[in-house]
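Residue numbering for the sequence shown is 316 to 654, as defined by this note's numbering. The C-beta atom is built at its ideal place from N, Cα and C for all residues, glycine as well. Below is one structure; the comments refer to it alone.
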Amino acid sequence: MVLFLLVVIQSAWAQTTDSVFIKNLADEILLHARAYEQLTYLTKQIGPRLAGSAGMVKAEQWGLKEMQKAGADKAWGQECLVPHWVRGGVDKATAFFASNDKKGIPLDVVALGNSIGTGSTPLRAEVVEVKSFEDLEIKKERVKGKIVFYNYPFNPTYVRTFQAYGDANKYRGQGPSQAAKYGAVGTIVRSMSHGTNNHPHTGATRYDSLYNKIPAVAIGLEDADQLSRWLTKESVQVQIKTNGHFLPDTIGHNVIGELTGTEFPDEIITVGGHLDSWDNCEGAHDDGAGCVQTLEILRAFKAIGYRPRHTIRFVLFANEENGLRGGSKYAEEAKQKNE
């Protein structure tokens, strides 16, 4: 009975202690949060910040200062080699019809990250629509010298939209090389989005070294639907002009801050977000929000005087969008140091 009472008392005390801590932390954030202020600066003053760009250098410098300002016991930049892809200009596409070869209709497109450009001469070819990789396999004899149009919408039965995004993402990541495997000269991919907007959504593609690298663009949802309707009526050619290319790899940094543990300093808990964004957007949601939330937890812990038993490391990762080099470097060094 005595042992039972001691267990109950200890459990109640722990719950009370945790509740007080959580309340103090929540109050601090609700009353003094800097996350929105930081996100505004990151997105509006720094803006786009793809790996290798001047914007990413500014973001790294800003992140290090914010780590120090938030009260990190120590803060530093962890070097990593990152790719440097540039868009190189405005991406354009125009549809032409068998019934009127001279009058084209512009399409809203954006080149996929890591994709090659068309060169000085635009690419123009007939379009073959496919609904899936299985459909591509069925139509493989038709795609040589053509532009493959992957028209795969989000699955509406996936209530969690990120599940639908992940399902459709394979056509952006693997689609160009799968089309090139059968002789395609270009690809158009339905944007990884839902609804009826016509804002093309970029993202990384990954070329398979076994096949030719071919230009690849994402198309807005409304234009994707329109292109599909046109193709049911007549042959359609699309002219694409893109300028994407790689510059030599350059040095980037994971920005790291740390609260050193009082009892287990060598046992590390990591929290973070990725600091880079695509070149054509501010990256507020992906992943500016994750970065400022990371900074806010650090600031709030320090503000309420919390000292963790284990070391907590706060990381703003480099190069998630088109290479994962930052996360890979962090994991590599953590493994080497047995962290």
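{"Check": "Between the CA atoms of E549 and S414 - distance to the nearest angstrom", "Outcome": "8 angstroms"}
{"Check": "Per-residue burial, P471 [other beta carbons within 10 Å of its own, 16 or more giving buried]", "Outcome": "exposed"}
{"Check": "Contact belief for I555 with V532 at Cβ below 8 angstroms, rounded distance in angstroms", "Outcome": "6 angstroms"}
{"Check": "CA-to-CA distance, L346 to S506, given in whole angstroms", "Outcome": "39 angstroms"}
{"Check": "V322 (DSSP reduced to helix, strand or coil)", "Outcome": "Here V322 scores only 43 on pLDDT, less than 50, and its place in the model should not be relied on; the value that follows carries that caveat. DSSP places V322 in helix when its eight states are reduced to three."}
{"Check": "Between the CA atoms of N558 and K407 - distance to the nearest angstrom", "Outcome": "10 angstroms"}
{"Check": "N484 versus K461, S508 and A499, residue with shortest Cα-Cα distance", "Outcome": "S508"}
{"Check": "Chain-order list of residues whose beta-carbon lies under 7 angstroms from that of I619 (same chain, five-residue window excluded)", "Outcome": "N339, L340 and E343"}
{"Check": "Contact check, V463 vs A499, beta carbons under 8 angstroms", "Outcome": "yes"}
{"Check": "Own chain, CB closer than 7 angstroms to E394, minus 5 neighbours either side, in chain order", "Outcome": "I566 and H568"}
{"Check": "Three-state secondary structure assigned by DSSP to W328", "Outcome": "Legend: pLDDT at W328 = 45, less than 50; position of this residue unreliable, value from coordinates given subsequently. Of the three classes helix, strand and coil, the one that applies to W328 here is helix, per DSSP."}
{"Check": "Within 8 angstroms, strictly: CB atoms of W593 and E636", "Outcome": "yes"}
{"Check": "Reduced DSSP category for H514 - H, G, I as helix; E, B as strand; rest coil", "Outcome": "coil"}
{"Check": "Delimiting residues of the alpha helix (DSSP H) encompassing C606", "Outcome": "A604 to A618"}
{"Check": "Through-space distance from G588 to G576, alpha-carbon basis", "Outcome": "21 angstroms"}
{"Check": "Enclosing alpha helix (DSSP H) for Q552 [first to last residue]", "Outcome": "Where Q552 is concerned, there is no enclosing alpha helix (DSSP H), although the beta strand (DSSP E) it sits in stretches over V551 to K556."}
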